[in-house]
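Here is the structure we will look at.
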Amino acid sequence: ARPGRRRAVMGRLVRAAREVRFRRGLASTILLPAMVLSLGVGTLLFFFFSAKFAHQAEEDLRNRLETFLTTQAAELEGPVWEFDQAAIDRLFRSYALAPDLQTARLVDARGQVLARVGEAAPAGERVFADSRGLSRQAGGQTYDLGRLEVAFSDFRLQQALAAGRAVELPAA
């Protein structure tokens with residue numbers, strides 16, 4: 002009776018081993034590719050939304066530049082018209098506090114620099130620049146007073162994007 006019992010036990014062990022091999026085969030044929038696919042899709046989605054966010058943040062920086070230019074050009078028209086250099090200097094000192102401002106320069110109608118703040122951007126740093134003309138209407142005529150030239154740096158933007166990616170990438 003013992004040899005038959007041993008065969009029965011061995012038969013059960015062989016069947017269990019085949020079942021385990023079948024499960025391992027199932028894992029390697031279905032679960033592993035599904036996991037790799039989901040990881041790949043997650044990574045692609047991360048980079049897609051990261052690029053979309055970067056583009057949106059860059060557009061916001063451009064809008065802040067436009068808003069800054071429009072408001073400050075309007076604010077400078079009076080002091081430039083009245084030759085109030087003290088007021089111009091005060092305004093330019095306040096511009097230095099703008100976090101994204103790289104440079105700002107006020108040039109009169111003859112091309113003379115009336116005020117300047119900031120320095121040129123370091124190599125590798127992107128700068129978005131624009132200018133606005135200053136004019137004043139008086140006596141039915143429009144007088145060209147000069148222009149305000151402003152450049153914003155994307156340094157803070159790039160830092161924020163890099164920090165966000167460092168936090169979000171492990172989660173993806």
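So the mapping is simple: the working numbering equals the position in the sequence shown, first residue as 1, plus 1.
Built from N, CA and C at the ideal position, the CB exists for glycine as well.
None of the values given here were measured: they were computed from a predicted structure.
Counterpart residues of residue i in DSSP-defined beta bridges
i, result
"E150", "R106 and S132"
"Y96", "Answer is none; Y96 lacks a bridge partner."
"T30", "In DSSP, T30 forms no bridge with anything."
"D145", "S136"
Residue j beta carbon less than 8 Å from that of residue i
i, j, result
"Q86", "A152", "no"
"A1", "F69", "One cannot answer for residue 1 here, as it falls past the ends of the chain, which runs 2 to 173."
"L107", "L62", "no"
"F156", "V118", "no"
"L162", "A58", "yes"
"L166", "W82", "A small fix is needed here, since residue 166 is Arg in this sequence, not Leu. Their beta carbons are not under 8 Å apart, which means R166 does not touch W82 by this criterion."
First through last residue of the beta strand (DSSP E) which encompasses residue i
i, result
"R117", "V114 to G119"
Own chain, CB closer than 6 Å to residue i, minus 5 neighbours either side, in chain order
i, result
"A122", "Q103, V128 and S154"
"S132", "R148 and E150"
"D109", "L115 and G147"
"G134", "R148"
"F50", "none"
"S39", "none"
Residue span of the alpha helix (DSSP H) that contains residue i, given as start and end
i, result
"A122", "Careful: A122 lies outside any alpha helix (DSSP H) and carries neither H nor E."
"R157", "F156 to E169"
7 Å Cβ shell around residue i - same chain, five flanking residues per side excluded
i, result
"L66", "F129, D131, V151 and F153"
"D101", "L62, R65, F153, S154 and R157"
Any C-beta of chain C under 8 Å from that of residue i
i, result
"D145", "The displayed structure is made up of one protein chain only, and chain C is not part of it."
8 Å Cβ shell around residue i - same chain, five flanking residues per side excluded
i, result
"I89", "L77, P80, V81, L107, L115 and A116"
query: Do three or more CB pairs link the segment 106–126 to the segment 137–153 at distances below 8 Å?
result: Segment contact: the segment 106–126 against the segment 137–153, three or more CB-CB distances shorter than 8 Å; contact assigned.
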